[in-house]
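Numbering (this note's numbering), first residue to last: 1141 to 1268.
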């Protein structure tokens, strides 16, 4: 299932870092599965309206970390191996996802209690 990449120029976080964070978040949430193909560097750069080097830098860093694999002439894919994150990075990612989720819910006028209750229910539904 593809993810919708979005950049926030006001965040102060470099664009390449935001791309990295969104790919890691996609993997952590299951939105990006091992073996799934990512958009080409050119396609994503055009979509995000950034320089090709911005996306290339993000992909390269994730490839070095073993998160992505690139096959010449075929594309860039999520690596088949699960990514291990240190606790600080994992915590930062969780906080970022929760903050974004709550901000979007508030913008939609949804009360936090209702959102939290629905989230808890969905978590229970997904448990094996």
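All C-beta atoms in this analysis are idealised placements derived from N, C-alpha and C, irrespective of residue type, glycine included.
Distance CB(residue i)-CB(residue j) smaller than 9 Å
i: residue 1218; j: residue 1172; result: yes
i: residue 1159; j: residue 1194; result: yes
i: residue 1178; j: residue 1213; result: no
i: residue 1196; j: residue 1181; result: yes
i: residue 1170; j: residue 1220; result: no
i: residue 1252; j: residue 1246; result: yes
i: residue 1145; j: residue 1184; result: yes
Classification of residue i by the beta-carbon crowding that lies within 10 angstroms, buried from 16 upward
i: residue 1207; result: buried
i: residue 1198; result: buried
i: residue 1155; result: buried
i: residue 1166; result: buried
i: residue 1202; result: buried
i: residue 1141; result: Since pLDDT at residue 1141 reaches only 49, below the 50 mark, its modelled position is unreliable, and the value read off the structure follows with that caveat. Burial call: exposed.
i: residue 1148; result: exposed
Sequence-distant residues of the same chain with beta carbon closer than 8 Å to residue i, five excluded per side
i: residue 1161; result: 1153, 1233, 1236
Residue i versus residue j: straight-line alpha-carbon distance, rounded
i: residue 1248; j: residue 1263; result: 21 Å
i: residue 1257; j: residue 1244; result: 16 Å
i: residue 1241; j: residue 1250; result: 11 Å
i: residue 1168; j: residue 1231; result: 12 Å
i: residue 1205; j: residue 1164; result: 11 Å
i: residue 1267; j: residue 1228; result: 25 Å
i: residue 1265; j: residue 1255; result: 15 Å
Cβ shell of residue i (< 6 Å), same chain only, five flanking positions each side left out
i: residue 1190; result: 1155
i: residue 1209; result: 1217, 1219
Reference residue i; option with closest CA among the options
i: residue 1239; options: 1151, 1183, 1211; result: 1151
i: residue 1188; options: 1143, 1268, 1254, 1204; result: 1143
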